[in-house]
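Keeping their order, the protein sequence lines are chains C and X.
So this note's numbering is basically just the index in the first sequence, starting at one, shifted up by 525.
So this note's numbering is basically just the index in the second sequence, starting at one, shifted up by 525.
Number of protein chains: 2
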Amino acid sequence: MQIRMSDVARRARVSVTTVSHAINSTRPVAQETRDRILRAARELNYYRNASARLLVRGQGDSFGLIISDIENPFFPELIKAFQSAARESGFDVLLCTTNYDSDEARKAIQRMMENRVLGVALMTSQFDAALIEELVNNGTPAVRLDSGLAKRSVSDIRLDYSRGAGQAIAHLQALGHRRIAFVTGPNSRVSAVTYTNAILQALAEAGLPEPQIIEGNNRVEGGAEATRKLLAGNPRPTAILCGNDLAAVGALQVIQEAGLRVPEDVSVIGCDDIAFARHTTPALTTVRIPRDELGRHAFLSLFKMHNSKARRSAKLTVETELVVRRSTGRALGSEVLS
Amino acid sequence: MQIRMSDVARRARVSVTTVSHAINSTRPVAQETRDRILRAARELNYYRNASARLLVRGQGDSFGLIISDIENPFFPELIKAFQSAARESGFDVLLCTTNYDSDEARKAIQRMMENRVLGVALMTSQFDAALIEELVNNGTPAVRLDSGLAKRSVSDIRLDYSRGAGQAIAHLQALGHRRIAFVTGPNSRVSAVTYTNAILQALAEAGLPEPQIIEGNNRVEGGAEATRKLLAGNPRPTAILCGNDLAAVGALQVIQEAGLRVPEDVSVIGCDDIAFARHTTPALTTVRIPRDELGRHAFLSLFKMHNSKARRSAKLTVETELVVRRSTGRALGSEVLS
DNA sequence: CTCCAAATACCAAACGATTGCGGCAAGCGA
DNA sequence: TCGCTTGCCGCAATCGTTTGGTATTTGGAG
């Protein structure tokens, strides 16, 4: 059925042992012999059998990455960073998505384990803590990227929202905003509530009043709907913070459709800094989450754990940062002379 | 090191054979015994060894998908469609990206083959035809999604641009446009030249003059740059067609930054209909490529080939279609009374 | 009580590569 | 010529499952 090493060996008139060594460069093979072998392999269209190889070596060479939704523009950049970090070190990556479904999440973990990945990174909140525990008890390195609450048992890459949040609020305050509204992500998502808390705290520290809060769904439509409610209020907010950029896009749209101007009438701030944030009109001011760093660190951390056989690695923190574009401006009715 | 079936067997006091059958439901096992086995497996944290399984069965259960760039918003939707079609039929998918690099492409194919995928779908132009040939000669089913030129040897899902192109041109013509410019994708990309040809033909059939053509790169910056050139021309075009939506976004931006209005001064039409196309301002009129259909058909086609052991399957065609939004309007200086 | 079928469980041979160990031959110095 | 090193290469055990071919038990019919 398939072409085996022994076929190559026969054609090159050597033993399978030699073929193996020639192909993997695991032992010196006479130049002439090696050539003969490689030629035979090419002629026969031979590809190593990964399972046989993995079976006997007991160790594969790929790391797993589990994310929730590939269509969410947040993830691709993360995936790419993880992937290229892995490739740089000579590893493959096995990608699974959960689509926010805990059953699929379970399958994803199972697939990872059955394929004996060297470690797995997870960025998805809908997650049985128990499963992760098992994973770790198994000795498989794991990192979570989504966690605000630092679970003890798994190494995390902590995403620190406080800096970005602080900068966002300071920015708004400097522009004279006081009536600030906040469209959060779904409260079921850890990262969403972490961000919410960071914003609330920054607001408090700045001595600004509590914001009006509406729970959104981190999608364009959710942001749009929430914004409609906000605009109907009286007095309406002069600035709207959104749980992510997608929601902010919805906000932008609704505000402008209502005949109001951004940022003259209402300022908008997103979160994530997805690629499109710079192409909205006006370009979106947003709290940047450095996904490339996140992805790289995730891999590096896993890699270290794998090498050192440690169950946990040093906790890393990556910082958010406000990037100011054109969707924020001086608050209406705060025409201070300057 | 790892936990084997024999460990589970010992703990449940049965043979490995029975464990295997209990876990895979491949042969009846007494309810009581099965329970004992599954419990033991759970207690021991047992995961099947995929390699051993695959090795002996000779057949895996995943299909491969190779794309060029995960950050291009065109792809995620395609991936998802492919994935969910696969999952519905009980298969996994192995995803690889090439990043437009033919060396990585080679590695991707190799990974697919080494892992004995049941078939592979490719959407990436930078491709050694030779590699694909091999693949097919190996007996591994393959489909290309990017192909305008129908290679003989591989089954294709043909993407028919002519309908969408025709509709786009008709739409523009109806609005009174005659000075039409076209920002193409890179000429190295098959799909790009296919689209270009479709547009050119539609233009000719409509009796419209040849358009001014600028080669872009299918990215925002490319579209922006090309548009700057176009705007500097005299007379400037009243409508700009773009090779994809990303470029169209760049066009939109440049036009509006130049103080012109879309669509009053210049109309813009994109291609792809990425998720963000409906959220640009104004919302983008574009030639939709049905990525979900593309992904689904790709899998289905592979699946069929795999089942029937056929090397080729019926050629499918998926149609593009114009979706009209707000970035197109009546041509300047064509105020016909109606 | 005997016999048979059905149900259940086990034995052992694969699957295709890797790798420790050992063999052979050529080259070299004494 | 002998003995040793060095450079190549092959033998055969091994990895953890699956699965065709039996063996054993059980229950009921004759």
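The beta-carbon is built from N, C-alpha and C at its ideal position, and this holds for glycine as well.
Note that the structure is a prediction, hence the values are computed from the model and not measured.
- [ ] To the nearest angstrom, report how far apart L785/X and F801/X are at their CA atoms.
- [x] Along the second sequence, one-based indexing puts residue 785/X at 260. Along the second sequence, one-based indexing puts residue 801/X at 276. Using only the alpha carbons, I get a separation of about 22 Å.
Task: CA nearest to the CA of L827/C, picked from Q527/C, E568/C and V642/C - done: For the purposes of this step, residue 827/C is taken as the residue at position 302 of the first sequence. It is V642/C.
Task: For R669/C, the residue or residues it bridges with in DSSP - done: By one-based count along the first sequence, residue 669/C stands at place 144. Answer by DSSP bridge pairing, in chain order: L647/C and D681/C.
Task: C-beta neighbour in chain C for V774/X, strict 7 Å - done: For this step, residue 774/X is matched to residue 249 along the second sequence. It does: the Cβ of V774/X has a partner Cβ on chain C nearer than 7 Å.
Task: Any C-beta of chain X under 7 Å from that of L620/C - done: By 1-based counting over the first sequence, the position of residue 620/C is 95. For L620/C, the answer is yes, since a Cβ of chain X falls inside 7 Å of its Cβ.
Task: Interface residues of the segment 787-810 of chain X facing chain C [CB-CB below 7 Å] - done: F801, H804 and T806
Task: Beta-carbon gap between A610/C and V645/C smaller than 7 Å - done: Walking along the first sequence from the start, residue 610/C turns up at place 85. Walking along the first sequence from the start, residue 645/C turns up at place 120. Contact: no.
Open item on the list: Taking 6 Å as the limit between beta carbons, can you name the residues of its chain near A723/C, skipping five residues before and five after?
Closed with: Stepping through the first sequence from its first residue, residue 723/C is reached at position 198. Answer for A723/C: Y686, S687 and A690, listed in chain order.
TODO: Assign F616/X to one of three DSSP states: helix, strand, or coil.
DONE: Counted from its first residue, the second sequence places residue 616/X at position 91. Under the three-state reduction of DSSP, F616/X is assigned to coil, being neither helix nor strand.
Task: Option nearest C796/C by Cα separation, candidates I780/C, I595/C and F599/C - done: On the first sequence, position 271 is the one that residue 796/C refers to. Looking at the Cα atoms, F599/C is the closest of the given residues.
- [ ] Could you name the residues of the same chain whose beta carbon sits closer than 7 Å to that of I682/X, not counting the 5 residues immediately before and after it, in chain order?
- [x] For the purposes of this step, residue 682/X is taken as the residue at position 157 of the second sequence. If you ignore the 5 residues before and after I682/X, its C-beta comes within less than 7 Å of the C-beta of V668, L670, L819, H822, A823, S826, L841 and V843, all in its own chain and listed in chain order.
- [ ] Starting from the C-beta of T721/C, find all residues in its chain whose C-beta is less than 6 Å away, skip the five residues before and the five after it, and write them out in chain order.
- [x] Residue mapping note: residue 721/C aligns to position 196 of the first sequence, counting from 1. Only T709 meet the Cβ criterion.
Task: Under 9 Å by beta carbon: chain X residues contacting L725/C - done: Residue 725/C sits at position 200 when you count from the first residue of the first sequence. Those within 9 Å of L725/C in chain X number zero; the least Cβ separation is about 28 Å.
Open item on the list: Quick check: the Cα distance between L756/C and D790/C, rounded to an integer number of angstroms?
Closed with: For the purposes of this step, residue 756/C is taken as residue 231 along the first sequence, with counting starting at 1. For the purposes of this step, residue 790/C is taken as residue 265 along the first sequence, with counting starting at 1. Approximately 11 Å, taken between the alpha carbons.
TODO: Measure from the alpha carbon of A727/C to the alpha carbon of each residue in G758/C, T763/C, A706/C and I694/C, then state which is nearest.
DONE: Here residue 727/C corresponds to residue number 202 of the first sequence, with the count starting at 1. Ranking G758/C, T763/C, A706/C and I694/C by Cα distance to A727/C puts I694/C first.
Open item on the list: Bridge partners for A706/X per DSSP, in chain order?
Closed with: Counting from one through the second sequence, the residue named residue 706/X turns up at place 181. According to DSSP, which records beta bridges pairwise, A706/X is partnered with Q737/X and I765/X.
Task: E818/C, DSSP secondary structure in three states - done: Residue mapping note: residue 818/C aligns to position 293 of the first sequence, counting from 1. Helix, per DSSP.
Task: Enclosing alpha helix (DSSP H) for R564/C [first to last residue] - done: As a working note, residue 564/C is residue 39 in the first sequence. From DSSP, the alpha helix (DSSP H) with R564/C extends over Q556 to L569.
TODO: Within its chain, find whatever has a CB closer than 7 Å to the CB of I799/X; leave out the 5 residues flanking it on each side and keep chain order.
DONE: Here residue 799/X refers to the residue found at position 274 when the second sequence is read from its first residue. P598, F599 and D770, listed in sequence order.
Open item on the list: Based on DSSP bridge pairs, tell me the residues matched to V812/X.
Closed with: Stepping through the second sequence from its first residue, residue 812/X is reached at position 287. Per DSSP, C796/X and L847/X.
- [ ] Identify each residue in the segment 818-843 of chain X for which the Cβ-Cβ distance to at least one residue of chain C is less than 9 Å, and report them in chain order.
- [x] none
Open item on the list: If we define contact as Cβ-Cβ less than 7 Å, is R538/X a contact residue for chain C?
Closed with: Taking the first residue of the second sequence as position 1, residue 538/X is located at position 13. No, R538/X lies away from the interface with chain C (no Cβ there is under 7 Å from its Cβ).
- [ ] List the DSSP bridge partners of L841/X.
- [x] The residue you call residue 841/X lines up with position 316 of the second sequence. I682/X, per the DSSP bridge assignment.
Task: Closest by C-alpha distance to R704/X, when choosing among S792/X, S531/X, S576/X and A783/X - done: As a working mapping, residue 704/X is identified with position 179 in the second sequence. Answer by Cα proximity: S792/X.
TODO: Give, in chain order, every residue of the segment 733-746 of chain C whose Cβ lies closer than 7 Å to some Cβ of chain X.
DONE: V745
Open item on the list: Quick check on N759/C - is its C-beta less than 7 Å from some C-beta in chain X?
Closed with: Counting from 1 along the first sequence, the entry for residue 759/C is found at position 234. It does not; no Cβ of chain X falls within 7 Å.
TODO: Could you work out which residue in I562/C, R582/C, N624/C and G589/C is closest to R529/C when comparing CA atoms only?
DONE: By one-based count along the first sequence, residue 529/C stands at place 4. Among I562/C, R582/C, N624/C and G589/C, the Cα nearest to that of R529/C is on I562/C.
Open item on the list: Let me confirm a value: A675/C is counted as buried when at least 16 other C-beta atoms fall within 10 Å, else exposed. Which label applies?
Closed with: Taking the first residue of the first sequence as 1, we reach residue 675/C at position 150. For A675/C, the pLDDT reaches just 48, beneath the cut-off of 50, and the residue's location in the model is therefore unreliable, leaving the point undetermined.
Task: Partner residues on chain C for Q778/X, Cβ-Cβ distance less than 8 Å - done: Translated into the one-based positions of the second sequence, residue 778/X becomes position 253. The contacting residues are H804 and T806.
- [ ] Leaving aside the five residues before and after P788/C along the sequence, list all residues of the same chain whose C-beta is less than 6 Å from its C-beta, in chain order.
- [x] Within the first sequence, the letter at position 263 stands for residue 788/C. Excluding residues within five positions, the ones whose Cβ falls inside 6 Å are S852, T853 and G854.
Open item on the list: Would L580/C pass as an interface residue toward chain X - the criterion being a Cβ-Cβ separation below 7 Å?
Closed with: Translated into positions along the first sequence, residue 580/C becomes position 55. Interface residue, yes.
TODO: Taking only beta carbons into account, state which residues of the segment 548-579 of chain C come closer than 9 Å to chain X, listed in chain order.
DONE: N570, Y572, R573, N574, A575, S576, A577, R578 and L579
Open item on the list: Strictly under 7 Å for the Cβ-Cβ distance: is I604/C near chain X by that measure?
Closed with: Stepping through the first sequence from its first residue, residue 604/C is reached at position 79. With 7 Å as the cut-off, I604/C counts as an interface residue toward chain X.
Open item on the list: With H, G and I counted as helix, E and B as strand and the rest as coil, what does DSSP make of G784/C?
Closed with: Position 259 of the first sequence, counting from 1, holds the residue named residue 784/C. When DSSP states are grouped into helix, strand and coil, G784/C belongs to the coil group.
- [ ] Closer than 6 Å by C-beta to E779/C: which residues in its own chain qualify, once you throw out the five before and the five after it? Chain order, please.
- [x] For the purposes of this step, residue 779/C is taken as residue 254 along the first sequence, with counting starting at 1. The question names Glu, but residue 779/C in the sequence shown is Val. Cβ neighbours of V779/C beyond the five flanking positions: A749, T752 and R753.
Task: Spatial distance of S545/X from R559/X (CA atoms) - done: Here residue 545/X is taken as the residue at index 20 of the second sequence, counted from 1. Here residue 559/X is taken as the residue at index 34 of the second sequence, counted from 1. The C-alpha of S545/X lies about 10 Å from the C-alpha of R559/X.
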